Structure formats: structure tokens, C-alpha cells
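Engineer: Structure incoming, see below.
There are 6 protein chains.
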Amino acid sequence: MEVTTYFEEYEIGSKRMSFGRTITETDFVVHAGHTGDFFPHHMDAEFMKKSEFGGRIAHGTMIFAIGIGLTANVINPVAFSYGYDRLRFVKPVFIGDTIRTRTTISEKLDDPRRPQMGRVVERVEVLNQKDEVVLVCDHIYVVERREAAA
Amino acid sequence: MEVTTYFEEYEIGSKRMSFGRTITETDFVVHAGHTGDFFPHHMDAEFMKKSEFGGRIAHGTMIFAIGIGLTANVINPVAFSYGYDRLRFVKPVFIGDTIRTRTTISEKLDDPRRPQMGRVVERVEVLNQKDEVVLVCDHIYVVERREAAA
Amino acid sequence: MEVTTYFEEYEIGSKRMSFGRTITETDFVVHAGHTGDFFPHHMDAEFMKKSEFGGRIAHGTMIFAIGIGLTANVINPVAFSYGYDRLRFVKPVFIGDTIRTRTTISEKLDDPRRPQMGRVVERVEVLNQKDEVVLVCDHIYVVERREAAA
Amino acid sequence: MEVTTYFEEYEIGSKRMSFGRTITETDFVVHAGHTGDFFPHHMDAEFMKKSEFGGRIAHGTMIFAIGIGLTANVINPVAFSYGYDRLRFVKPVFIGDTIRTRTTISEKLDDPRRPQMGRVVERVEVLNQKDEVVLVCDHIYVVERREAAA
Amino acid sequence: MEVTTYFEEYEIGSKRMSFGRTITETDFVVHAGHTGDFFPHHMDAEFMKKSEFGGRIAHGTMIFAIGIGLTANVINPVAFSYGYDRLRFVKPVFIGDTIRTRTTISEKLDDPRRPQMGRVVERVEVLNQKDEVVLVCDHIYVVERREAAA
Amino acid sequence: MEVTTYFEEYEIGSKRMSFGRTITETDFVVHAGHTGDFFPHHMDAEFMKKSEFGGRIAHGTMIFAIGIGLTANVINPVAFSYGYDRLRFVKPVFIGDTIRTRTTISEKLDDPRRPQMGRVVERVEVLNQKDEVVLVCDHIYVVERREAAA
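Chains as they are written, first to last, in full-length UniProt numbering: chain Z, 1 to 150; chain G, 1 to 150; chain D, 1 to 150; chain B, 1 to 150; chain P, 1 to 150; chain Y, 1 to 150.
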């Protein structure tokens with residue numbers, strides 16, 4: 001779905017929660033194969049059984065990619081993704097955990113180089129089935145100003 | 001391969017370059033299916049033909065995940081990944097582009113909460129076949145100090 | 001996204017058009033591997049070069065599954081899918097074609113066994129980039145009546 | 001394997017049973033990624049644990065595509081698939097169920113537009129490991145007549 | 001399909017030819033991800049453009065696995081696969097090549113440890129679209145003797 | 001990583017052990033889909049429950065491809081893979097088994113046709129988590145002689 005939202009219309013504090021998705025052993029295998037990272041932390045059940053974690057833990061890049069993917073259902077044609085700040089892996093994710101992503105508009109800034117645009121910061125929190133935050137980051141969008149579009 | 005490297009042994013300015021990997025249409029389809037992000041920017045050749053880009057562009061999360069994956073060949077058992085800062089999508093990546101990842105040790109810091117550990121910042125640059133930087137970020141590791149291990 | 005729509009609220013003639021998706025060689029390979037159907041019509045470029053089609057053609061089950069998948073973005077919690085009627089493969093789909101799905105509410109019927117429900121028929125048309133219909137079917141939903149919910 | 005079978009040679013009532021195939025969590029993840037349908041019914045174990053089903057249920061389009069795929073082992077060069085009628089999802093399929101497909105030649109008809117062809121209807125029943133029918137449909141083939149070929 | 005064939009019934013010199021299958025870029029990416037072998041010979045188009053081969057070449061293990069897979073359509077319940085001898089990679093396989101597998105019963109031997117069984121050697125040749133042999137090996141089966149079954 | 005090793009530098013008896021990798025149900029499904037081999041031995045849990053094995057067993061070609069893939073982390077630019085001898089499937093591999101690959105330089109031979117090259121035979125043993133050998137083969141490399149390179 002496409003919904004046009006100008007810079008002025010983003011409201012600090014507004015929140016969205018995604019659907020849930022269970023992280024499966026399949027996702028571990030697909031992500032290893034997709035990225036080439038076959039480190040035993042993700043792929044060797046015997047090795048991880050004896051570790052402090054007690055089992056295989058998800059690739060950080062996977063929880064990031066799927067966590068962001070869960071929010072990808074509305075296209076804003078007047079915005080584009082500029083980057084991410086302060087991406088942190090707060091807790092491990094195990095096979096069978098179910099994650100959801102909560103996004104909160106946390107900041108609005110002028111764009112230093114583009115007066116007709118502004119920057120919108122969306123706080124991203126990926127939660128597991130116990131409502132624990134497992135990953136956080138700040139997603140920065142560059143968004144057209146309505147006044148500029150007028 | 002496993003190589004133990006303590007905090008003291010990281011040298012500011014030391015660099016590594018990964019092998020290259022061609023980003024294929026398959027990677028686009030796999031990443032969409034892995035993350036659930038089927039936005040037309042990545043999946044609709046007709047729509048993108050008429051866009052300013054002239055063709056489908058890679059998911060940012062994919063270039064990040066594969067770019068980091070290209071560096072995943074040596075395990076340091078006394079380090080763990082803490083997170084990423086200043087992740088930026090500098091240029092679009094198209095089907096058929098070949099990427100490599102250059103990492104440079106850029107900073108060493110005390111860990112505010114763990115005196116026996118330090119933080120090592122690795123500057124990550126993903127390059128395309130024209131040696132243009134397409135993605136940058138700072139990868140932060142927490143690494144054991146040799147003195148603490150002694 | 002979840003949107004509750006009762007039987008009474010479906011309007012005959014109302015239409016939706018999905019985003020587009022380019023059908024890639026990857027999709028052919030994934031579908032063959034997913035279903036076990038490796039017939040040369042889908043997998044052997046040399047064989048098909050000499051056929052009346054001039055190239056590999058998509059599995060009918062794939063265009064159906066992806067065509068329906070393109071419409072899967074709003075969940076109606078008071079409806080469920082009952083089945084499909086008159087599924088027809090109207091034109092072949094080739095690697096590189098871009099499909100979209102148009103759905104039209106075409107019929108509303110009493111449910112013979114469930115007085116508190118009704119049946120909604122959605123006409124599904126999968127189109128290619130030339131706006132040609134490549135697949136049609138009637139998707140039958142069983143939907144709660146608002147009066148019954150009251 | 002290729003076996004030529006003309007319209008006249010199809011016998012009403014003749015049956016075939018496919019091999020079995022266990023439907024895995026992997027198949028669920030692959031089908032979601034292949035079609036873009038990540039609805040929680042298929043992907044969110046926590047959500048479905050509390051539902052009437054007690055667990056994730058397979059996409060209808062997947063059981064159809066795999067159920068038909070199980071029958072794809074003999075090519076008849078004088079037949080092509082015309083479409084499907086009365087496709088119904090009779091029972092849910094869960095992770096770990098094992099399905100097989102039974103096909104029965106159920107009807108033979110003249111082709112209204114092609115006198116040299118006939119229509120053969122194959123009744124398709126997908127069964128689970130308890131011999132319960134989970135999906136049914138009528139597969140319609142258009143088949144050359146031997147007399148026309150002579 | 002299941003066909004019982006006893007040791008005595010294998011005829012030296014009898015041949016089968018499989019269907020064809022085009023080896024796609026997708027297969028390269030899937031095989032790398034499946035095995036973890038991302039060597040630039042298979043994955044880096046820029047690197048291989050300048051090599052003696054002029055382009056990416058298939059993993060040997062992939063042509064072996066797919067070449068053998070092409071022959072997997074008849075199950076003999078009185079035989080099992082013992083191993084392979086003299087597996088050789090005769091010519092490189094490129095993206096877009098179409099392979100078929102020709103098998104020839106080449107030898108019949110007593111089984112040294114199982115008098116009620118015999119060994120059947122099947123010569124396997126994988127051919128490309130120019131009828132060049134790209135891979136050969138000897139597939140050794142251990143097969144029940146009919147006399148022993150009687 | 002690239003490490004140049006000439007024929008003279010290979011030492012008979014030198015060994016390497018790979019990381020471990022747990023063989024998952026996902027790998028079974030991916031391998032079936034990659035090769036087209038959907039035999040019930042690998043795919044039908046009900047059928048195999050009643051067999052002598054008690055459960056689905058891995059494709060031999062998969063354990064070979066993944067077992068070899070586990071060793072693919074150092075490229076020797078003066079060597080190429082010539083083929084494999086005496087590939088044997090010693091024990092079945094089940095879903096959940098964790099494999100590692102041990103390689104031992106076992107033989108050095110003149111190359112009959114290339115005086116500037118030699119043949120190095122690497123004994124490959126794939127082990128499971130009980131340290132049982134499940135697959136063996138001899139990997140034959142053709143390697144440049146240092147004296148020839150001088």
C-alpha cells in the first residue's frame with residue numbers, strides 16, 4: 001500500500017506494532033547461505049549446547065533485516081531511507097522465538113543539505129515473545145516537506 | 001578459522017579486503033523472501049525502468065548483511081559484536097554489481113562498564129566494481145584485554 | 001494490517017490492484033525445487049527454444065501462488081478462504097514478465113450451511129506488463145455477517 | 001519420463017497414488033518467501049498457539065502447489081493443463097504432516113472448440129498421514145484424440 | 001515410481017538419458033549458500049571475466065549433485081547406493097548451460113561380503129548442450145539377487 | 001583467504017579439521033529442491049519411521065557437497081581440483097546430526113601428463129557428533145611445482 005506522508009505530518013511519539021514472526025531454524029540456514037556467515041554460533045548445535053547461551057543464536061544481521069522487513073508494508077513515495085544509527089544487539093534470539101517490531105517516531109530534524117526536506121528518526125525496537133527488547137536502532141528517513149511540494 | 005586477538009593487538013589503520021561477490025537477481029529474490037520486503041523498488045523491473053535509477057535497486061539491509069558476511073571468515077574467541085553506528089547507504093547497488101568489503105581498524109576505546117574489556121571500532125566500507133563506496137558503517141566490537149586474560 | 005470487513009460491507013464491483021512483481025528465473029528454480037516439478041517446459045532452455053513458446057514458461061501453480069500472494073496484505077479477521085473456482089491459465093508467463101493482480105468483488109451469496117455467514121466471490125485476474133490477463137480464477141471467501149456479530 | 005496417452009486411452013476410474021512428502025517448517029518459510037504471504041496464520045507460532053487450530057497452518061496455495069507437484073512425474077506430450085475447478089481446502093495441514101496425492105480419472109468430455117481434442121478431468125485428492133482428505137480439486141486437461149493424430 | 005530390478009536383470013550396455021536442465025545463476029547462488037563455498041570462481045563475475053574461463057564456473061559438487069539428481073526418478077527397492085568411483089570434472093559448466101545425464105550399465109560384480117547381493121556399476125556421464133561430457137563417474141549399487149530373494 | 005602452497009610444500013600426514021555444522025531438516029528440503037531428488041528416504045517421515053533407519057536419512061550427494069564445502073576456506077591459486085576417488089557412504093546422517101570434515105594429505109604423485117605439476121591426494125573424512133566416520137573420499141588436486149614456477 002502506498003500512503004503519502006509529508007515531513008510535517010509525522011508526529012513525535014506515534015507508534016506502530018508489526019505482526020509477529022517466528023524465527024525458525026530455516027531462517028538461520030537461509031541467512032547463513034545468503035550471507036556466507038556459517039560461524040558455529042549460528043550453525044553448530046553441539047558447540048552451542050556447551051556454550052553460555054545453551055543453543056544456536058541468530059545472526060545479528062538477520063534479526064536486523066527481518067525486524068526491518070516486518071515494518072515494510074506501507075510505501076511513502078515522498079520519503080527515502082538514509083541510514084541507521086545506534087544499532088545494538090540487546091539480547092540473543094533463539095530458534096523458535098517470535099519477534100515483532102515496534103516503531104516510534106522519536107525525532108524530527110532539518111536536513112542540513114536539503115531545505116525542502118526534513119529528517120525523521122524512527123526508533124525501532126524488535127521484541128521477542130516475552131516482550132523483551134532484543135535489538136534497537138534508529139532508522140533515519142529523509143522526507144519531503146509539504147510546503148516544498150506545494 | 002579461529003585466531004585469538006586481544007584488545008592490545010588491534011592496530012589503528014590496519015586494513016583487510018574481502019573477496020568479491022556479484023550481487024545477482026537471485027539475491028534480490030532471496031532477500032525479499034527472507035525479510036518479507038517486496039517493495040517494487042527491489043522487485044518490479046517495469047516500475048523501476050521508468051524511475052530515476054533505471055532499474056531495480058538492492059535492499060539496504062541486504063547489502064549490509066552480505067557486506068558484513070563477506071568479512072566473516074576469522075573467528076576471534078575473545079571478541080563479540082556490540083553493534084553498528086552510522087550505517088549509511090551511499091549509492092544504490094544494481095543486479096550484476098560486484099561488491100567487496102574493506103575493513104579498517106579506526107578507533108580503540110575503553111569499555112565504560114567492563115574494565116577488563118575494550119572497544120574496537122572497525123570502519124566498514126562496501127565497494128562496488130568501480131571502487132565506489134556503496135555502504136559504510138562502524139562495527140563496534142567488545143574485546144578482552146590481554147592483561148585481563150593473564 | 002488487519003481490517004475487519006463484514007459480509008454486508010463488501011460492494012459488488014469494488015476493485016483493488018496489487019503492486020507489480022517481476023517473475024525471475026530464480027522464481028522458476030525456487031518453484032521447481034519447492035514442488036518437485038522439474039518438467040523441461042519450465043527448466044530446459046534448449047528444449048523450449050525450439051518449442052512453439054520460444055522459451056521456458058512458468059508453472060501454472062506458481063503464477064497462481066504468487067498472483068494470490070500479491071493480494072495478501074490486509075487480514076480480515078471475520079473471513080476465511082473457502083476455495084477457488086474456474087482457475088484458468090490464459091497465457092504463458094515468461095522469465096522477465098512483470099505481473100500484478102486485480103481483484104474485483106463479483107458476487108455475494110448466502111452460505112448454504114451457515115446462516116450467520118455469507119459467501120463473497122472475488123474475481124482474480126493476474127495481468128502481465130502488457131495488461132494481458134494471464135490467469136483468472138474466482139476466490140471464494142466465507143465472511144461473517146455484521147448482524148450475526150451484533 | 002515421457003508417455004504418450006491419447007484421449008481415447010484414459011479410463012474413467014483409473015487411479016494413481018503419489019509418493020508421500022512430509023510438510024516441514026522449511027516449506028512454510030519457503031512458501032511465505034516465494035509468495036510474499038507472511039500472514040501470522042502461517043508464520044507466528046505464538047499467535048496460532050492460542051487459536052482454534054493450536055498451531056501454524058499451511059498456506060492453501062502451498063498444499064495445492066506441492067500436492068500437484070507430487071503428481072508431476074510423467075509427461076504426456078499430447079496433453080496440456082487447461083485449469084482447475086472446485087479447489088477446496090478441506091482440512092488444515094500442520095508442520096510435520098505427511099501428504100500424498102491420489103488422482104482419479106473422473107470425466108471425459110468433448111472440447112467445445114477443438115474437435116481433434118477432448119477434455120479429461122482428473123479428480124485430485126491430497127491426503128494426510130491419517131488418510132484424511134485435506135484438499136480436493138478437479139484438474140482439467142486438454143488431450144489430443146488418437147483418431148485425430150492418425 | 002518404484003520398479004523392482006534384481007541383479008540378474010541389469011544388462012551390461014543398457015542406457016538411459018535424463019531430461020535436460022538449464023544450470024542457472026540461481027543454482028550457483030543456491031549451491032554456494034547450501035555448501036558455504038563462496039569461492040570467487042563461482043561467485044565473482046568481475047574476477048572471472050579476466051580469468052582463462054571468461055566467466056563464473058559451476059561448483060564441481062553442484063554438477064555432481066544435480067547430475068545425479070536428474071537420474072532420481074525410479075526407485076529400486078532391492079538396491080542401495082554404495083558409493084562413487086573415478087569422479088572427474090572434465091569440462092567447466094557455465095551459467096546458461098543445459099545438462100543431461102546419460103547412464104550406462106558398465107559392470108556387474110560379486111559383492112565380496114554379501115553372497116546374496118551383487119554390485120552393479122553404472123557409468124554416469126553428464127553432458128552439456130553441445131553433447132560434450134562435463135563430468136563422469138562410476139556409480140556403484142549393491143543389488144539383491146533374484147535367486148536369493150526366491 | 002588466499003594462501004599459495006606448491007606441490008613440494010604439502011606434507012604427507014598433515015591434517016586439518018573444519019568447523020562443525022548441524023545438518024537440519026532445512027538442508028534436506030533445500031537439497032531435494034536443488035537436485036530434484038524427492039525420494040521418500042529423504043522426504044517422507046512416515047515411511048521412514050517404519051524403516052530400518054527409523055527416520056529420514058540425508059542424501060549422499062548432500063553430505064558430500066556440504067562435507068567438501070566445510071573445507072572451502074583457503075584458496076590455493078596454484079592448485080585445482082581434479083576429481084574424487086573411492087567416495088563411500090559409510091553411515092547414514094540424520095536430521096540434527098552435526099558434521100565436521102577432517103582432511104589428511106595422504107599421497108603425492110607425479111602428474112602423468114604435466115611434468116611441471118604434481119598430484120596431491122587429500123583423504124576426506126566426514127565425522128558426526130559421535131566421531132563416527134559417515135563419508136570418506138579421496139580428493140585429488142593438481143598442484144604446481146615450485147621448481148617449475150621458479
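Glycine included, each C-beta is placed from N, C-alpha and C at the ideal position. Computed from a prediction, not measured in an experiment: that's the story for all the values here.
From I75(Z) to V124(Y), what distance separates their C-alpha atoms?
Structural biologist: 52 angstroms
Engineer: Quick check on DSSP: helix, strand or coil for D110(G)?
Structural biologist: If DSSP states are grouped into helix, strand and coil, D110(G) belongs with the strands.
Engineer: Return the residue from the list R100(Y), F28(Y), Y6(Y) and D110(Y) that minimises the CA-CA distance to F47(Z).
Structural biologist: R100(Y)
Engineer: Measuring only between beta-carbons, confirm whether G96(P) sits less than 9 angstroms from chain G.
Structural biologist: no
Engineer: Have a look at G69(Z) and E11(Z) and give me their C-alpha separation to the nearest angstrom.
Structural biologist: 22 angstroms
Engineer: Please list the terminal residues of the continuous beta strand (DSSP E) segment that includes D85(Z).
Structural biologist: A79 to F89
Engineer: I need the DSSP call for E132(Y), collapsed to helix, strand or coil.
Structural biologist: Coil at E132(Y), not helix or strand.
Engineer: Let me know if D110(D) comes out buried or exposed under the rule of 16 or more other beta-carbons within 10 Å of its beta-carbon.
Structural biologist: exposed
Engineer: Between A65(B) and T35(D), how many whole angstroms is the CB-CB distance? I'm expecting something under 8 angstroms.
Structural biologist: 5 angstroms
Engineer: I57(P): which of T26(P), P115(P) and K15(P) sits nearest, CA to CA?
Structural biologist: Checking every option, the nearest Cα to that of I57(P) belongs to T26(P).
Engineer: Quick check on the DSSP output: the alpha helix (DSSP H) that includes K49(B) runs from which residue to which?
Structural biologist: A45 to K49
Engineer: Output the residue ranges of the alpha helix (DSSP H) runs that lie fully inside the segment 2 to 48 of chain Y and measure 4 residues or longer, sorted by chain position.
Structural biologist: 25 to 35 and 40 to 43
Engineer: So that I know if they touch, is there some Cβ in chain D lying closer than 9 angstroms to that of M1(Z)?
Structural biologist: yes
Engineer: So which residues on chain B does N73(P) lean against when the C-beta distance must stay under 7 angstroms?
Structural biologist: M1 and N73
Engineer: Verify the CB distance criterion: does L127(Z) have a CB-CB separation below 9 angstroms to chain G?
Structural biologist: no
Engineer: From A148(B) to K49(D), what does the alpha carbon distance come to, in whole angstroms?
Structural biologist: 27 angstroms
Engineer: Chain A partners of V30(P), CB-CB under 7 angstroms?
Structural biologist: No chain A appears in this structure, whose protein chains are Z, G, D, B, P and Y.
Engineer: Within 8 angstroms, do at least three Cβ pairs link the segment 76 to 93 of chain Z to the segment 132 to 143 of chain Z?
Structural biologist: At 8 angstroms Cβ cutoff, the stretches touch.
Engineer: What number of angstroms, rounded off, separates the C-alpha of G60(D) from the C-alpha of F89(Y)?
Structural biologist: About 38 angstroms.
Engineer: Is I99(P) helix, strand or coil when you go by DSSP?
Structural biologist: It is a strand residue.
Engineer: Which residues bound the alpha helix (DSSP H) around G118(G)?
Structural biologist: Where G118(G) is concerned, there is no enclosing alpha helix (DSSP H), although the beta strand (DSSP E) it sits in stretches over M117 to L127.
Engineer: Here's the rule: buried if 16 or more other CB atoms are within 10 angstroms of the residue's CB, otherwise exposed. What is T24(B)?
Structural biologist: buried
Engineer: Can you name, in chain order, every residue of its own chain whose Cβ lies under 7 angstroms from the Cβ of E2(Y), other than the five neighbours on each side?
Structural biologist: I75 and P77
Engineer: In whole angstroms, what separates the C-alpha of T103(Y) from that of R16(Y)?
Structural biologist: 5 angstroms
Engineer: At the 9 angstroms Cβ level, is R145(B) part of the contact set with chain Z, yes or no?
Structural biologist: no
Engineer: Am I right that V143(Z) and Y6(Z) are in contact with their C-beta atoms under 8 angstroms? What's the rounded C-beta distance?
Structural biologist: V143(Z) to Y6(Z), Cβ: 7 angstroms. Contact.
Engineer: Relative to the C-alpha of residue 159(G), which residue among V30(G), A79(G), D138(G) and Y84(G) is closest?
Structural biologist: The question about residue 159(G) has no answer here: the residues shown for chain G are numbered 1 through 150.
Engineer: Checking contacts by CB at 9 angstroms: is D138(D) closer than that to chain P?
Structural biologist: no
Engineer: Checking 9 angstroms against the spacing of the C-beta atoms, do Q129(Z) and G54(Z) come in under that value?
Structural biologist: no
Engineer: Under 6 angstroms Cβ to Cβ from F28(B), same chain only, skipping five residues before and after it: list those, please.
Structural biologist: H42
Engineer: By the criterion of Cβ-Cβ separation under 7 angstroms, what are the contact partners of R21(P) in chain D?
Structural biologist: F38, M43 and D44
Engineer: Could you check where the alpha helix (DSSP H) with G67(G) kicks off and where it finishes?
Structural biologist: G60 to G69
Engineer: Using CA atoms only, rank isn't needed, just tell me which of A45(Z), F38(Z) and G13(Z) is closest to T22(Y).
Structural biologist: A45(Z)
Engineer: Which residue's Cα is closest to the Cα of A72(Y): R113(Z), Y84(Z) and F38(Z)?
Structural biologist: F38(Z)
Engineer: Take E107(Z) as the anchor and find which of V121(Z), Y84(Z), R146(Z) and S81(Z) has the nearest alpha-carbon.
Structural biologist: V121(Z)
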